[in-house]
Amino acid sequence: MKIVEMQILPVAFPDPPLRNSTGCHEPFALRTLVRLKTDDGFVGWGETYGGIGPQEGLEATRHLVEGADPFGLENLRRLIPEPRTYSPIEVACLDIMGQALGQPVYNLLGGKLRDPVEFAAYLFYHFDCPQYGECLTPEAMVVQAKRLVRDHGFHALKLKGGVLPPDAEIETLRLMAAEFGPDFRLRHDPNAIWSVETSIRVTNALEGTLEYMEDPTWGLDGMAAVHAAVRTPLSTNMCLVAFDHFPEGIRLQSVDVVLSDHHFWGGLRATQEMARICETWGLGVSMHSNSHLGVSLAAMLHSAASTRHLTYACDTHYVWLEEDILAGGKLPFVDGHMAVPTGPGLGISVDEDAVARMNEAYGKCGLTTRGDAEYMKKYIPDWQPLRPRW
Ligand code: GKR
Ligand code: MG
681 MKIVEMQILP VAFPDPPLRN STGCHEPFAL RTLVRLKTDD GFVGWGETYG
731 GIGPQEGLEA TRHLVEGADP FGLENLRRLI PEPRTYSPIE VACLDIMGQA
781 LGQPVYNLLG GKLRDPVEFA AYLFYHFDCP QYGECLTPEA MVVQAKRLVR
831 DHGFHALKLK GGVLPPDAEI ETLRLMAAEF GPDFRLRHDP NAIWSVETSI
881 RVTNALEGTL EYMEDPTWGL DGMAAVHAAV RTPLSTNMCL VAFDHFPEGI
931 RLQSVDVVLS DHHFWGGLRA TQEMARICET WGLGVSMHSN SHLGVSLAAM
981 LHSAASTRHL TYACDTHYVW LEEDILAGGK LPFVDGHMAV PTGPGLGISV
1031 DEDAVARMNE AYGKCGLTTR GDAEYMKKYI PDWQPLRPRW
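Going by the working numbering, the final residue of the sequence shown carries number 1070, and the count climbs one at a time with no gaps.
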């Protein structure tokens, strides 16, 4: 079998003004879809980060992908060592392989160990928007959490922090703990915006409230200093994000939990490899997310289903997505979980008209790279993306 065509499709879709430590989400989130077609008519889909950089990275591999055998993943990975570029190509190849063999992707990865997959509600402070109003206080965040729990049944709640002053975020989590009680698991992620001192103070103030504190401060050294002074587990998708970070991260004891993400670890098979290393060294594994569409979601589901050492509910931004590119619309959460697609390949059917609309929106939206800090100036004109801020 041979790949005869690689289409690289930049897309844009509406996104609410969600806040994080850097700034604010722009009105459109950007992604890049990869559509591979084989000589015998199979079509496979992959999805990765949006904007000009990822597009150019993929474009540079066209001569390696077109003409390649989709079953030859290890050869493709050797030829395309950059994990973020290789990842959507691998997912599209697995989609093709599964269709050709009549098998879901999870069976190509060793079989399914969990189904459905549990997700955490992803809570964001946000500026005023027509769909959700404004959420900028601890009390408003409890209202948001109750809405997501009511609508989707989540039992794990992740607060995107680093937005309000630390004491207001402590208050937010205390209110949430009081509202939801011990059956709910809470996590806090300020995206490394605190100093080591602030990280220790906040983490200890929340001791007993969180299942983990994610990236309170910057770098393996900073995280190790926090780790030595707290009892709450620390997790990361910022300081230990590649295979060659393991030796130093383990030596320093910077973290207890690593967030997997097939987009930056280099595909679904690499995610299994990173989880195996975590298991060996006694580290937990969760899953990271960015704003994404249904192709990434399906890949995350197959990855979660077949990765043995996945020890926490996965993150996903999917609740904030208005319209998906999947035929039949968005996949539902039931009791905070999502069923793993069982059809051949990724088990999804992509609505190519929806892709064409989002591809057109990309051309019209005027964005070619993610710019949360710059967009924040619309709300706070003298905004500076400081680190640490507190
Ligand atoms: O979407 O604003 C966001 C998040 O802050 C995202 O960019 C992070 O990558 O979700 C992420 C995280 O867990 O750090
Ligand atoms: Mg994070």
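The beta-carbon is built from N, C-alpha and C at its ideal position, and this holds for glycine as well.
Model, not experiment: these values are computed from the prediction.
Contact belief for Thr912 with Leu890 at Cβ below 8 Å, rounded distance in angstroms: Locating residue 912 in the sequence shown gives position 232, where the first residue counts as 1. Locating residue 890 in the sequence shown gives position 210, where the first residue counts as 1. Taking C-beta atoms under 8 Å as the contact rule, Thr912 and Leu890 qualify, at a distance of about 5 Å.
For Leu1006, the first and last residue of its enclosing alpha helix (DSSP H): Counting from one through the sequence shown, the residue named residue 1006 turns up at place 326. No alpha helix (DSSP H) holds Leu1006; DSSP gives it neither H nor E.
Length at least 4, wholly inside the segment 817–850: the alpha helix (DSSP H) runs in chain order: Within the segment 817–850, the complete alpha helix (DSSP H) runs of at least 4 residues are 818–832.
DSSP state of Asp1052 mapped onto helix, strand, coil: Locating residue 1052 in the sequence shown gives position 372, where the first residue counts as 1. In the structure shown, Asp1052 sits in a helix (DSSP, three-state: H, G or I).
Rounded Cβ spacing between Leu990 and Pro1021 (contact assumed at less than 8 Å): As a first step, residue 990 must be located in the sequence shown, where it is residue number 310. As a first step, residue 1021 must be located in the sequence shown, where it is residue number 341. Not quite, the Cβ-Cβ distance comes to about 17 Å (not below 8 Å), so this is no contact.
N- and C-terminal bounds of the alpha helix (DSSP H) containing Arg715: In the sequence shown, residue 715 corresponds to position 35, counting from 1. Unbroken run through Arg715 is the beta strand (DSSP E), Phe708 to Thr718; no alpha helix (DSSP H).
Same chain, Cβ closer than 6 Å to Ala800, neighbours up to 5 away in sequence not counted: Numbered from its first residue, the sequence shown carries residue 800 at position 120. So the qualifying residues of the chain are Ala836, Lys838, Ala993 and Asp995.
Chain-ordered list of residues that sit, by beta carbon, closer than 7 Å to a heavy atom of the ligand MG: For the ligand MG, the residues with a Cβ under 7 Å from any of its heavy atoms are, in chain order, Asp869, Asn871, Glu894, Asp895, Asn917, Met918, Leu939 and His968.
At least three beta-carbon pairs within less than 8 Å, the segment 751–760 to the segment 713–722: Counting Cβ pairs under 8 Å, fewer than three are found: no touch.
Cβ contact check for the segment 1033–1042 and the segment 997–1015: 3 or more pairs under 8 Å: The segment 1033–1042 vs the segment 997–1015: in contact.
Local Cβ density within 10 Å of Arg699, reported as buried at 16 or more and exposed below that: The count along the sequence shown starts at 1 and reaches residue 699 at position 19. Buried, since its Cβ has 16 or more Cβ neighbours within 10 Å.
Proximity below 7 Å, CB of Val822 to CB of Glu851: Numbered from 1 along the sequence shown, position 142 holds the residue referred to as residue 822. Numbered from 1 along the sequence shown, position 171 holds the residue referred to as residue 851. No, these two residues do not count as a Cβ contact at 7 Å.
Assigned secondary structure, Gln1071 (DSSP; H/G/I helix, E/B strand, else coil): Outside the displayed span of the chain (681 to 1070) sits residue 1071, for which this structure offers no information.
Integer-rounded CB distance, given that Thr741 should sit under 8 Å from Thr765: Counting from 1 along the sequence shown, the entry for residue 765 is found at position 85. Counting from 1 along the sequence shown, the entry for residue 741 is found at position 61. Confirmed, about 6 Å.
Distance CB(Ile688)-CB(Ala748) smaller than 7 Å: Indexing the sequence shown from 1 puts residue 688 at position 8. Indexing the sequence shown from 1 puts residue 748 at position 68. For Ile688 and Ala748, no; Cβs fall outside 7 Å.
Residue span of the beta strand (DSSP E) that contains His868, given as start and end: Translated into positions along the sequence shown, residue 868 becomes position 188. Arg865 to Asp869 is the span of the beta strand (DSSP E), which, as asked, contains His868.
Where the beta strand (DSSP E) through Met893 begins and ends: What you label residue 893 is simply residue 213 of the sequence shown in a count that begins at 1. That run of the beta strand (DSSP E) goes Leu890 to Glu894.
Beta-carbon contacts of Met681 that lie in its chain and below 8 Å, excluding the five residues immediately before and after: Here residue 681 is taken as the residue at index 1 of the sequence shown, counted from 1. The answer, listed in chain order, is Thr718, Asp719, Asp720, Phe722, Asp749, Pro750, Phe751, Ile776 and Ala780.
beta-carbon Asn700 near the ligand GKR non-hydrogen atom, thresh 6 Å: Residue numbering aside, residue 700 sits at position 20 when the sequence shown is read from its first letter. True, at least one ligand heavy atom lies under 6 Å from that Cβ.
CA nearest to the CA of Leu866, picked from Leu948, Cys815 and Gly841: Locating residue 866 in the sequence shown gives position 186, where the first residue counts as 1. Of Leu948, Cys815 and Gly841, the residue nearest in Cα terms is Gly841.
Test item: CB-CB of His942 and Ala979 under 7 Å: Here residue 942 refers to the residue found at position 262 of the sequence shown. Here residue 979 refers to the residue found at position 299 of the sequence shown. Between His942 and Ala979, the gap from beta carbon to beta carbon is short of 7 Å.
Asp808, DSSP secondary structure in three states: If you number the sequence shown from 1, residue 808 lands on position 128. Correct three-state label for Asp808: strand.
Three-way DSSP call (helix, strand, coil) for Phe1013 in this model: Your numbering for residue 1013 matches position 333 in the sequence shown. Coil at Phe1013, not helix or strand.
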